[in-house]
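A.B. asks: Following this message is one structure expressed as structure tokens.
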Amino acid sequence: VYEHMLKRPQALYGTDLGSNYQAQGLKLSKHFRAAR
């Protein structure tokens with residue numbers, strides 16, 4: 002379900018905000034083991 006925001010956010014998700022997932026790269030889920 003999509004709901005409209007009441008107002009525009011002050012900051013967008015990204016590197017300027019210090020988001021954890023930016024520039025993280027690809028990674029397997031916890032259900033798989035990486036090849037060594």
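Take any residue in the sequence shown, note its place counting from 1, add 1, and you have its number in my numbering. Note that CB positions come from ideal geometry on N, CA and C, so glycine has one too.
Could you compute how far the alpha carbon of residue 33 sits from the alpha carbon of residue 14?
C.D. replies: As a first step, residue 33 must be located in the sequence shown, where it is residue number 32. As a first step, residue 14 must be located in the sequence shown, where it is residue number 13. Roughly 28 Å separates the two Cα atoms.
A.B. asks: Roughly how many whole angstroms lie between the Cα atoms of residue 36 and residue 2?
C.D. replies: As a first step, residue 36 is located in the sequence shown; it is residue number 35 there, counting from the start. As a first step, residue 2 is located in the sequence shown; it is residue number 1 there, counting from the start. Approximately 39 Å between the Cα atoms of the pair.
A.B. asks: Who are the Cβ neighbours of residue 29 in its own chain at under 7 Å, not counting the five residues just before and after it?
C.D. replies: Start at 1 with the first residue of the sequence shown, and residue 29 comes out as number 28. These residues qualify, in order along the chain: 35.
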